[in-house]
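A.B. asks: The numbering of the sequence shown is full-length UniProt numbering, which starts it at 1 and goes up by one. Note that CB positions come from ideal geometry on N, CA and C, so glycine has one too. The structure presented is a predicted model; accordingly, all values stated were derived computationally and were not measured. Handing you a structure now.
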Amino acid sequence: MAVFTPLSDAQVAEFLRRFDVGNLVSLEGVAGGTENTTFFVTTDRRELVLTLFEQGEHEELPFFVDLLDYLDEHRLPVPGPVHDREGIALHSLAGKPSLLFPRLPGRHPMSPNLAQCRALGEALGRMHVVSQHFPGHRPNPRDLSWLVAMHHRVLGYLSPEDQALMKDEVEIYQGVFGAAPALPHGALHGDLFRDNTLFEGNRLGGIIDFYNGCTGDLLFDLAVVINDWASDPDGRLDRERHDAIVQAYQARRPLTSAEREVWPTMLRMTALRYWLSRLLVVYVDPPAHDLTPHDPAQFHTILTARLKHGALPLPEASDT
């Protein structure tokens, strides 16, 4: 059970009195968290999620609150934070920063079908249209500058072949993105894996866990999605899932010519981003809690598949 800060019913009942959400009926710790403590909260009026933030830069939490409020106001399927009777969302509970959210319906799609891919692509396209006007700012903490600065820290743990692969790729990214025109920019989810979505059948119930949210190249978000949602176990892209996501996305936000030009490199860069971040957790900066890190080999496989087979052709926006 990934509940790092236990809470009693009495603590949560007292906490809920600040909000207009009803009285506590039940409290359930949520397994599977890797960074924060999460509880499902049932009151006599509604279902809620309570999150306690265990690590990270707590001063950045207002950015996440503002982003979720903004997206919720624009009718995106996100859990807008619950504000108390004074209009405040961010509180402290058991000495930890805490947020209360509505509990969105659905389950994580471990093997997404084409309808689910289309729903996710359409929602991400809508989100990116709206997020270009979000006034907040938080630099992407896992962008190219991070790769350049951090990849040296894991080289000593890699084979000579993988050392060369990582160094060569980072150098290529610097050349491609250094010479590319400015790409469309806005607020990103930053980590939109399948387990950060909820589906009821083919209906998208919600996009959750915005704690990698930031501002940066919108194409970065789409590449993260394609690498997770449309990759087979051998790392190769599944054309049907790939096209379902990209076509639905472009129905809302067509890609620019500059984005199309750098798309194959962005797929590789986001694959290396996760390969590197997982290597750092395994070898350099293990988690504060006794949890099993994600396997870096998954994204090494995806990266090498992108190098061997390339990117699939991008459908035109008019194809949707």
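#1: Straight-line CA distance for residue 310 to residue 220?
#2: Distance, Cα to Cα, residue 211 vs residue 159?
#3: Going residue by residue through the region 56-103, where are the continuous beta strand (DSSP E) segments of at least 3 residues, counting only ones entirely within it?
#4: Look up residue 26 in the DSSP assignment and give the residues it is bridged to.
#5: Return the bridge partner residues of residue 190 from the DSSP annotation.
#6: Nearest to residue 105 by CA position, among 243, 265, 128 and 48, is which residue?
#7: Mind checking whether residue 78 and residue 90 have CB atoms under 8 Å apart?
#8: Report the rounded CA-to-CA distance for residue 21 versus residue 226, giving the unit in angstroms.
#9: Under the assumption that residue 123 contacts residue 245 (Cβ atoms under 8 Å), give the Cβ distance between them as a whole number of angstroms.
#10: Whole angstroms is fine: what's the gap from residue 301's alpha carbon to residue 142's?
#11: Start and end of the beta strand (DSSP E) containing residue 15?
#12: I need the boundaries of the beta strand (DSSP E) containing residue 49, first residue and last residue.
#13: Please report the Cβ distance between residue 7 and residue 94, rounded to the nearest whole angstrom; I am assuming they are in contact, meaning their Cβ atoms lie under 8 Å.
#14: Say whether the region 193-205 touches the region 101-116, bearing in mind that this needs 3 or more beta-carbon pairs closer than 8 Å, one atom from each stretch.
#15: Should residue 18 and residue 117 be called a contact, given that it needs their Cβ atoms to be closer than 8 Å?
#16: So residue 38 and residue 30 are supposed to be a Cβ contact under 8 Å. How far apart are they, rounded?
#17: Quick check on residue 23: buried or exposed, where buried means 16 or more other Cβ atoms within 10 Å of its Cβ?
#18: Within this structure, are the beta carbons of residue 272 and residue 147 separated by less than 8 Å?
#19: Closest to residue 135 by C-alpha separation, out of 156, 188 and 275, would be which residue?
#20: Taking just the CA atoms, how far does residue 303 sit from residue 92?
#21: Taking Cβ to Cβ, would you say residue 340 is nearer than 8 Å to residue 280?
#22: Which residues bound the alpha helix (DSSP H) around residue 245?
#23: How many whole angstroms separate the CB atoms of residue 54 and residue 96, which I take to be in contact at a CB cut-off of 8 Å?
#24: Hey, residue 186 and residue 128 are a contact pair by Cβ (cut 8 Å); roughly how many whole angstroms apart?
#25: Are residue 314 and residue 255 close, meaning C-beta to C-beta below 8 Å?
#26: Nearest to residue 155 by CA position, among 167, 252 and 297, is which residue?
#27: In this structure, does DSSP put residue 206 in helix, strand or coil?
#28: When the distance is taken between beta carbons, is residue 101 closer than 8 Å to residue 82?
#29: DSSP three-state label for residue 111, please.
#30: Over what stretch of residues does the alpha helix (DSSP H) that includes residue 178 continue unbroken?
#31: Can you check whether the CB of residue 174 is closer than 8 Å to the CB of residue 218?
#32: The alpha helix (DSSP H) with residue 199 in it runs from where to where?
C.D. replies: Let me spell this out:
#1: Residue 310 sits at position 310 when you count from the first residue of the sequence shown. Residue 220 sits at position 220 when you count from the first residue of the sequence shown. Those two C-alpha atoms are separated by around 17 Å.
#2: Reading the sequence shown from its first residue, position 211 is the one you call residue 211. Reading the sequence shown from its first residue, position 159 is the one you call residue 159. Residue 159 has its alpha-carbon roughly 33 Å from the corresponding atom of residue 211.
#3: Listed in chain order, the complete beta strand (DSSP E) runs (minimum 3 residues) inside the region 56-103 are 91-93 and 96-102.
#4: Residue numbering aside, residue 26 sits at position 26 when the sequence shown is read from its first letter. Per DSSP, 42.
#5: For the purposes of this step, residue 190 is taken as residue 190 along the sequence shown, with counting starting at 1. Partner(s): none; residue 190 has no beta bridge.
#6: Here the question's residue 105 lines up with position 105 in the sequence shown. Checked all of 243, 265, 128 and 48; the closest Cα to residue 105 is 48.
#7: On the sequence shown, position 78 is the one that residue 78 refers to. On the sequence shown, position 90 is the one that residue 90 refers to. No, they are not a contact pair.
#8: Here the question's residue 21 lines up with position 21 in the sequence shown. Here the question's residue 226 lines up with position 226 in the sequence shown. If you take the alpha carbons of residue 21 and residue 226, they lie about 38 Å apart.
#9: Sequence index remark: in the sequence shown, residue 123 carries index 123 (1-based). Sequence index remark: in the sequence shown, residue 245 carries index 245 (1-based). 10 Å between Cβ atoms; not a contact.
#10: For the purposes of this step, residue 301 is taken as residue 301 along the sequence shown, with counting starting at 1. For the purposes of this step, residue 142 is taken as residue 142 along the sequence shown, with counting starting at 1. Using only the alpha carbons, I get a separation of about 20 Å.
#11: As a working mapping, residue 15 is identified with position 15 in the sequence shown. That residue, residue 15, is in no beta strand (DSSP E); its alpha helix (DSSP H) goes 9-16.
#12: As a position in the sequence shown, residue 49 is number 49, starting the count at 1. Taken as a continuous stretch (DSSP letters only), the beta strand (DSSP E) holding residue 49 covers 47-52.
#13: Within the sequence shown, residue 7 is the residue found at index 7, counting from 1. Within the sequence shown, residue 94 is the residue found at index 94, counting from 1. About 6 Å separates the two Cβ atoms, so the contact holds.
#14: The region 193-205 vs the region 101-116: in contact.
#15: Locating residue 18 in the sequence shown gives position 18, counting from the first residue. Locating residue 117 in the sequence shown gives position 117, counting from the first residue. No; because the gap between Cβ atoms is not below 8 Å, this pair is not in contact.
#16: Taking the sequence shown and counting its residues from 1, one reaches residue 38 at position 38. Taking the sequence shown and counting its residues from 1, one reaches residue 30 at position 30. With a Cβ gap of about 4 Å, residue 38 and residue 30 count as contacting.
#17: Working through the sequence shown from its first residue, we reach residue 23 at position 23. The Cβ neighbour count for residue 23, taken over all protein chains shown within 10 Å, is under 16; the residue is labelled exposed.
#18: Locating residue 272 in the sequence shown gives position 272, counting from the first residue. Locating residue 147 in the sequence shown gives position 147, counting from the first residue. Less than 8 Å divides the Cβ of residue 272 from the Cβ of residue 147.
#19: In the sequence shown, the residue the question calls residue 135 occupies position 135. When each option's Cα is compared against that of residue 135, the closest is 188.
#20: As a position in the sequence shown, residue 92 is number 92, starting the count at 1. As a position in the sequence shown, residue 303 is number 303, starting the count at 1. Rounded to the nearest angstrom, the two C-alpha atoms are 41 Å apart.
#21: Only positions 1 to 320 of the chain appear in this structure, which leaves residue 340 out of reach.
#22: As a first step, residue 245 must be located in the sequence shown, where it is residue number 245. 239-252 is the span of the alpha helix (DSSP H), which, as asked, contains residue 245.
#23: Counting from one through the sequence shown, the residue named residue 54 turns up at place 54. Counting from one through the sequence shown, the residue named residue 96 turns up at place 96. With a Cβ gap of about 7 Å, residue 54 and residue 96 count as contacting.
#24: Looking up residue 186 in the sequence shown gives position 186. Looking up residue 128 in the sequence shown gives position 128. Residue 186 to residue 128, Cβ: 6 Å. Contact.
#25: The residue given as residue 314 occupies position 314 in the sequence shown. The residue given as residue 255 occupies position 255 in the sequence shown. Yes, these two residues count as a Cβ contact at 8 Å.
#26: By 1-based counting over the sequence shown, the position of residue 155 is 155. Taking each of 167, 252 and 297 in turn and checking the Cα distance to residue 155, the smallest one comes out for 167.
#27: In the sequence shown, the residue the question calls residue 206 occupies position 206. DSSP places residue 206 in strand when its eight states are reduced to three.
#28: Reading the sequence shown from its first residue, position 82 is the one you call residue 82. Reading the sequence shown from its first residue, position 101 is the one you call residue 101. Yes. Within cutoff.
#29: For this step, residue 111 is matched to residue 111 along the sequence shown. If DSSP states are grouped into helix, strand and coil, residue 111 belongs with coil.
#30: Translated into the one-based positions of the sequence shown, residue 178 becomes position 178. Going by DSSP, residue 178 is part of the alpha helix (DSSP H) stretching over 160-179.
#31: For the purposes of this step, residue 218 is taken as the residue at position 218 of the sequence shown. For the purposes of this step, residue 174 is taken as the residue at position 174 of the sequence shown. In this structure, residue 174 does not lie closer than 8 Å to residue 218 by Cβ.
#32: Taking the first residue of the sequence shown as position 1, residue 199 is located at position 199. Residue 199 -> not in any alpha helix (DSSP H); beta strand (DSSP E) instead, spanning 197-200.
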